[in-house]
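K.L.:
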Amino acid sequence: MATLQAVRAYLAGRYPDPPPDQAWVNECVAALLAAGLSADAHSVEHQYLCSDLGASTTPSHTLPTAEDVGRHTTTIPGPLIVQVHSVMDVGVSAVSLQRTMEERRDVLSGATRIRRMDDDEEVKEGKVPPYPRSMLALEVSDGRTVVRAIEYRRVEGLKLADTPLGTKLRLRNVRFLKGTLLLTPHNCEVLGGVIEALEAEQGDKFAAALAARIENARHEPTDTSRPVQTRRTLPVRTARSSTVAALPPPRAAPPKRRAAVAGAAARRAAFMNPPSDGTIDDSFDVDEGFLDDIDIVEAAALNRQRAPERQRQRQQEEEVDVIEISD
88 MATLQAVRAY LAGRYPDPPP DQAWVNECVA ALLAAGLSAD AHSVEHQYLC SDLGASTTPS
148 HTLPTAEDVG RHTTTIPGPL IVQVHSVMDV GVSAVSLQRT MEERRDVLSG ATRIRRMDDD
208 EEVKEGKVPP YPRSMLALEV SDGRTVVRAI EYRRVEGLKL ADTPLGTKLR LRNVRFLKGT
268 LLLTPHNCEV LGGVIEALEA EQGDKFAAAL AARIENARHE PTDTSRPVQT RRTLPVRTAR
328 SSTVAALPPP RAAPPKRRAA VAGAAARRAA FMNPPSDGTI DDSFDVDEGF LDDIDIVEAA
388 ALNRQRAPER QRQRQQEEEV DVIEISD
């Protein structure tokens, strides 16, 4: 069995910030021994990953406070350990997520009934529909300070409904912009773990969050009115008419615009159309425009459910447009 000092050194080396609470380590080792279990470094590490950082660590001041939210881009060098408190896909409409949630519940409840009939093969063959995957927004904390995090690039290991609440993440050189951590595969490592108390409430809180998003979308004001435009066509003239002035030569086709390689336009294009070859450029210079892009994606997801109604209104407006044709 590893000595208590060796266990402390192991945890402090792998998880330096926030620092492990030495009193918690002592109690963890004692509890494992009292239960007749191994109290080596890996056993204590497992308990650490399944603990609340607020109880197993001492305070850290690495995460920016509320007063720092208004600052420009800040880089957190790390390594910093945080735990996941909530997960939501802001790039998918709440209605679509809610529909999938209900389908998953139906399948899981059916699997429960089959399991009671001792038919394990049918349970294994039951397919639980996955949630649509776009861009995840998370709430994470170091056990004391809760901040928002957004996937700037998809992070493997983070998945709606499959990532338990309390999962620990190791962050290195992560950008912090206006109160939001910008996560990429280069700066975020999923370590695993779970907090049972958070996970037990995950289903109800997720359903409540979806209901709130749908309710907000219903009450969000939309301006669907537009003025009726009058269109006028030029009088038709014959080519032989002597009164027709000579037509000017056709305009040269405008030069094709080059793809943006820098600035806000390039960042917007990279955000809306990420590279598909698996390469990731983590040298981007993020500014407030990136969060504006996030707001656009989130607003589009919230309003997508109202698209059919808007289409009907648009068709009705087009029917009343007046087109005036000159003689």
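Each residue of the sequence shown is one higher than the one before, starting from 88 at the first, in the numbering used here.
For every residue, glycine included, the Cβ atom is placed at its ideal position computed from N, Cα and C.
When you compare only the Cα positions, how much space is there between Ser143 and Arg257?
P.N.:
Between Ser143 and Arg257, the C-alpha separation is close to 16 Å.
K.L.:
Okay, do the segment 145-152 and the segment 181-193 touch, 3+ Cβ pairs below 8 Å being the bar?
P.N.:
no
K.L.:
Kindly list the residues whose CB is nearer than 6 Å to the CB of Arg327, restricted to its own chain and excluding five residues on each side of it in sequence; keep chain order.
P.N.:
The pLDDT assigned to Arg327 is 42, lower than 50, so where the model puts this residue is not dependable; a value taken from the coordinates is nonetheless given after this. There are no such residues.
K.L.:
Can you tell me whether Thr152 is buried or exposed, with buried defined as 16 or more other CB within 10 angstroms of its CB?
P.N.:
Burial call: exposed.
K.L.:
Do the CB positions of Leu167 and Asp104 come within less than 7 Å of each other?
P.N.:
yes
K.L.:
Quick check: the Cα distance between Leu252 and Thr90, rounded to an integer number of angstroms?
P.N.:
Leu252 and Thr90: Cα-Cα distance of roughly 31 Å.
K.L.:
Can you tell me whether Gly123 is buried or exposed? The criterion is at least 16 other CB atoms within 10 Å of its CB, across all chains shown.
P.N.:
exposed
K.L.:
I need the straight-line Cα distance from Ala287 to Arg401, nearest angstrom please.
P.N.:
45 Å
K.L.:
Measure the Cβ-Cβ separation of Thr149 and Phe263 and say whether it is below 7 Å.
P.N.:
At a Cβ-Cβ threshold of 7 Å, Thr149 and Phe263 do not count as neighbours.
K.L.:
Under three-state DSSP, which class holds Thr325?
P.N.:
Here Thr325 scores only 42 on pLDDT, less than 50, and its place in the model should not be relied on; the value that follows carries that caveat. Thr325: coil per DSSP, three-state reduction.
K.L.:
Mind checking Val94: buried by the 16 CB within 10 Å criterion, or exposed?
P.N.:
buried
K.L.:
Would you tell me roughly how many angstroms separate the C-alpha atoms of Val215 and Leu136, rounded to the nearest one?
P.N.:
A straight-line Cα-Cα distance of about 27 Å links Val215 and Leu136.
K.L.:
By the DSSP assignment, the beta strand (DSSP E) with Ala236 in it spans what residues?
P.N.:
233-238
K.L.:
Taking the beta strand (DSSP E) that Val277 belongs to, which residues open and close that run?
P.N.:
275-279
K.L.:
Excluding sequence positions up to five away, which residues of its chain have a Cβ less than 8 Å from the Cβ of Pro111?
P.N.:
For the record, residue 111 in the displayed sequence is Trp; it is not Pro. Within the same chain, Trp111 has close Cβ partners Ser138, Ala142, Ser143, Thr144.
K.L.:
Using only the alpha-carbon positions, how far apart do His306 and Gln92 sit?
P.N.:
58 Å
K.L.:
State the Cα-Cα distance for the pair Phe293 and Met175, rounded to the nearest angstrom.
P.N.:
So the alpha carbons of these two residues sit roughly 8 Å apart.
K.L.:
Cutting at 7 Å between CB atoms, please list the residues of its own chain near Gly280, excluding the five before and the five after it.
P.N.:
So the qualifying residues of the chain are Leu136, Cys137, Gly253, Thr254, Lys255.
K.L.:
Roughly how many angstroms separate the alpha carbons of Leu247 and Gly290, rounded to a whole number?
P.N.:
11 Å
K.L.:
Rounded to the nearest angstrom, what separates Val182 and Pro219 at their Cα positions?
P.N.:
Going from the Cα of Val182 to the Cα of Pro219 covers about 11 Å.
K.L.:
Buried or exposed: which applies to Pro164, given that a residue is buried once 16 or more other Cβ atoms fall within 10 Å of its Cβ?
P.N.:
exposed
K.L.:
Since Leu269 is in the beta strand (DSSP E), which residue starts that stretch and which ends it?
P.N.:
267-270
K.L.:
Return yes when the Cβ of Val169 is within less than 7 Å of the Cβ of Val227, no when it is not.
P.N.:
yes
K.L.:
Take the Cβ of Pro217 as the centre, count every other Cβ of all protein chains shown within 10 Å, and call the residue buried at 16 or more, exposed below.
P.N.:
exposed
K.L.:
Residues in its own chain within less than 6 Å of Ser173 by CB, not counting five upstream and five downstream?
P.N.:
Glu226
K.L.:
Taking the alpha-carbon of His129 as reference, which of Leu140, Arg101, Pro106, Asp108 has the nearest alpha-carbon?
P.N.:
Answer by Cα proximity: Arg101.
K.L.:
Note the first and the last residue of the continuous beta strand (DSSP E) segment covering Ser130.
P.N.:
Per DSSP, Ser130 is not a residue of any beta strand (DSSP E); the alpha helix (DSSP H) it occupies stretches across 128-136.
K.L.:
By alpha-carbon positions, which one of Asn113, Asn274, Val131 ends up nearest to Ile237?
P.N.:
Asn274
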